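Residue numbers (our numbering): 1 to 145.
A virtual CB, placed ideally from N, CA and C, is assigned to each residue, including glycine.
Owing to the predicted nature of the structure, the values given are computational and were not obtained by experimental measurement.
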(Lines of atoms letter the chains of each structure in order from A and count residues from 1; the text may use other names and numbers.)
(Lines give C-alpha, C1' and ligand atoms only; values in the text may rest on other atoms or scores of the structure.)
Protein backbone atom coordinates (compact mmCIF):
# COMPACT_ATOMS: atom_id res chain seq x y z
CA UNK A 1 0.00 0.00 0.00
CA UNK A 2 1.47 3.31 -1.00
CA UNK A 3 -1.11 5.59 0.61
CA UNK A 4 -0.80 6.42 4.31
CA UNK A 5 -4.20 6.68 5.94
CA UNK A 6 -5.26 8.16 9.25
CA UNK A 7 -8.61 6.70 10.25
CA UNK A 8 -8.93 6.95 14.03
CA UNK A 9 -12.22 5.05 14.16
CA UNK A 10 -10.82 1.86 12.62
CA UNK A 11 -9.70 -1.25 14.48
CA UNK A 12 -7.60 -3.73 12.49
CA UNK A 13 -7.39 -7.36 13.59
CA UNK A 14 -4.80 -9.63 12.03
CA UNK A 15 -2.99 -12.91 12.54
CA UNK A 16 -0.40 -15.04 10.84
CA UNK A 17 -2.57 -18.12 11.38
CA UNK A 18 -6.02 -19.29 10.35
CA UNK A 19 -8.58 -20.11 13.03
CA UNK A 20 -6.82 -17.92 15.60
CA UNK A 21 -9.90 -16.08 16.88
CA UNK A 22 -9.93 -12.97 14.67
CA UNK A 23 -13.65 -13.22 13.96
CA UNK A 24 -14.43 -14.01 17.61
CA UNK A 25 -12.56 -10.87 18.68
CA UNK A 26 -14.30 -8.81 15.99
CA UNK A 27 -17.68 -10.07 17.23
CA UNK A 28 -16.79 -9.01 20.78
CA UNK A 29 -15.88 -5.52 19.58
CA UNK A 30 -19.08 -5.25 17.54
CA UNK A 31 -21.14 -6.34 20.56
CA UNK A 32 -19.47 -3.71 22.74
CA UNK A 33 -20.06 -0.75 20.40
CA UNK A 34 -23.13 -1.55 18.27
CA UNK A 35 -25.54 0.29 20.58
CA UNK A 36 -23.47 3.49 20.74
CA UNK A 37 -22.36 4.02 17.13
CA UNK A 38 -22.76 2.53 13.69
CA UNK A 39 -20.37 -0.39 13.24
CA UNK A 40 -19.19 -1.47 9.80
CA UNK A 41 -17.19 -4.69 9.44
CA UNK A 42 -14.68 -5.40 6.68
CA UNK A 43 -12.90 -8.63 5.86
CA UNK A 44 -9.94 -8.32 3.51
CA UNK A 45 -8.59 -11.19 1.42
CA UNK A 46 -5.38 -10.47 -0.46
CA UNK A 47 -4.79 -12.50 -3.60
CA UNK A 48 -1.25 -12.88 -4.91
CA UNK A 49 -2.20 -13.91 -8.44
CA UNK A 50 -5.56 -14.73 -10.01
CA UNK A 51 -4.13 -17.84 -11.59
CA UNK A 52 -1.84 -18.78 -8.73
CA UNK A 53 -2.30 -21.52 -6.16
CA UNK A 54 -4.62 -21.04 -3.21
CA UNK A 55 -2.98 -19.35 -0.21
CA UNK A 56 -4.61 -21.97 2.01
CA UNK A 57 -3.21 -24.87 0.00
CA UNK A 58 -4.94 -27.61 -1.91
CA UNK A 59 -7.69 -26.93 -4.39
CA UNK A 60 -8.89 -23.87 -2.54
CA UNK A 61 -12.37 -22.38 -2.38
CA UNK A 62 -12.40 -20.55 -5.71
CA UNK A 63 -12.14 -17.03 -4.27
CA UNK A 64 -8.79 -16.31 -5.90
CA UNK A 65 -9.56 -17.87 -9.26
CA UNK A 66 -13.03 -16.28 -9.51
CA UNK A 67 -11.94 -12.68 -8.91
CA UNK A 68 -13.30 -10.39 -11.62
CA UNK A 69 -11.05 -7.40 -12.20
CA UNK A 70 -8.38 -6.24 -9.75
CA UNK A 71 -10.64 -6.18 -6.70
CA UNK A 72 -14.22 -6.87 -5.65
CA UNK A 73 -16.26 -5.57 -2.73
CA UNK A 74 -19.30 -7.61 -1.79
CA UNK A 75 -21.82 -6.83 0.94
CA UNK A 76 -22.89 -9.69 3.19
CA UNK A 77 -26.68 -9.83 3.40
CA UNK A 78 -27.16 -13.26 5.00
CA UNK A 79 -26.65 -13.48 8.76
CA UNK A 80 -27.78 -17.09 8.81
CA UNK A 81 -24.71 -19.18 8.01
CA UNK A 82 -21.25 -19.84 9.46
CA UNK A 83 -19.16 -17.70 7.10
CA UNK A 84 -17.09 -15.10 8.95
CA UNK A 85 -18.91 -12.25 7.22
CA UNK A 86 -22.30 -13.72 8.19
CA UNK A 87 -21.21 -14.04 11.81
CA UNK A 88 -20.15 -10.38 11.86
CA UNK A 89 -23.54 -9.35 10.49
CA UNK A 90 -25.36 -11.56 13.01
CA UNK A 91 -23.33 -9.94 15.82
CA UNK A 92 -24.89 -6.59 14.98
CA UNK A 93 -22.68 -4.83 12.47
CA UNK A 94 -24.87 -2.49 10.40
CA UNK A 95 -23.10 -3.58 7.24
CA UNK A 96 -20.43 -6.15 6.48
CA UNK A 97 -18.21 -6.06 3.40
CA UNK A 98 -15.67 -8.46 1.95
CA UNK A 99 -12.84 -6.87 -0.03
CA UNK A 100 -11.09 -9.39 -2.27
CA UNK A 101 -8.13 -7.73 -3.93
CA UNK A 102 -5.00 -8.48 -5.86
CA UNK A 103 -1.94 -7.63 -3.79
CA UNK A 104 -1.00 -4.75 -6.10
CA UNK A 105 -4.49 -3.21 -5.94
CA UNK A 106 -5.05 -3.01 -2.18
CA UNK A 107 -5.05 0.81 -2.15
CA UNK A 108 -7.54 1.02 -5.00
CA UNK A 109 -9.88 -1.47 -3.33
CA UNK A 110 -9.62 0.13 0.10
CA UNK A 111 -10.20 3.63 -1.32
CA UNK A 112 -13.39 2.39 -2.98
CA UNK A 113 -14.55 0.82 0.29
CA UNK A 114 -13.78 3.79 2.54
CA UNK A 115 -15.52 6.25 0.19
CA UNK A 116 -18.82 4.48 0.95
CA UNK A 117 -18.52 4.53 4.76
CA UNK A 118 -19.99 7.26 7.00
CA UNK A 119 -17.30 9.20 8.87
CA UNK A 120 -18.90 8.52 12.27
CA UNK A 121 -18.88 4.72 11.84
CA UNK A 122 -16.56 2.42 13.74
CA UNK A 123 -14.84 0.13 11.25
CA UNK A 124 -13.82 -3.31 12.51
CA UNK A 125 -11.54 -4.94 9.96
CA UNK A 126 -10.01 -8.40 9.66
CA UNK A 127 -6.80 -7.98 7.66
CA UNK A 128 -3.15 -8.92 7.57
CA UNK A 129 -2.06 -6.22 5.14
CA UNK A 130 -3.86 -2.93 5.72
CA UNK A 131 -1.92 -1.95 8.85
CA UNK A 132 1.10 -1.22 6.65
CA UNK A 133 -0.81 1.60 4.96
CA UNK A 134 -1.71 3.60 8.07
CA UNK A 135 0.10 6.42 9.85
CA UNK A 136 -1.67 5.64 13.10
CA UNK A 137 -3.66 2.52 13.66
CA UNK A 138 -5.08 0.35 16.40
CA UNK A 139 -3.91 -3.07 15.23
CA UNK A 140 -4.50 -6.26 17.19
CA UNK A 141 -2.41 -9.25 16.19
CA UNK A 142 -3.75 -12.63 17.32
CA UNK A 143 -1.59 -15.68 17.90
CA UNK A 144 -3.08 -19.10 17.40
CA UNK A 145 -3.37 -20.80 20.78
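Buried or exposed for residue i, going by 16 or more other Cβ atoms inside 10 Å?
{"i": "residue 101", "result": "buried"}
{"i": "residue 152", "result": "Any answer about residue 152 is impossible in this case: the structure gives the chain only from 1 up to 145."}
{"i": "residue 43", "result": "buried"}
{"i": "residue 46", "result": "buried"}
{"i": "residue 76", "result": "buried"}
{"i": "residue 35", "result": "exposed"}
I need the DSSP call for residue i, collapsed to helix, strand or coil.
{"i": "residue 126", "result": "strand"}
{"i": "residue 100", "result": "strand"}
{"i": "residue 77", "result": "coil"}
{"i": "residue 30", "result": "helix"}
{"i": "residue 25", "result": "helix"}
{"i": "residue 91", "result": "helix"}
{"i": "residue 114", "result": "helix"}
{"i": "residue 146", "result": "Any answer about residue 146 is impossible in this case: the structure gives the chain only from 1 up to 145."}
{"i": "residue 46", "result": "strand"}
One question on the structure: do residue i and residue j come within less than 7 Å of each other, judged by their Cβ atoms?
{"i": "residue 22", "j": "residue 29", "result": "no"}
{"i": "residue 90", "j": "residue 41", "result": "no"}
{"i": "residue 99", "j": "residue 109", "result": "yes"}
{"i": "residue 124", "j": "residue 17", "result": "no"}
If distances are taken between C-alpha atoms only, which option among the options comes closest to residue i?
{"i": "residue 104", "options": "24, 70 and 32", "result": "70"}
{"i": "residue 115", "options": "73, 128 and 47", "result": "73"}
{"i": "residue 78", "options": "11, 95 and 19", "result": "95"}
{"i": "residue 24", "options": "67, 85, 35 and 7", "result": "85"}
{"i": "residue 128", "options": "31, 49 and 106", "result": "106"}
{"i": "residue 67", "options": "83, 49, 76 and 75", "result": "49"}
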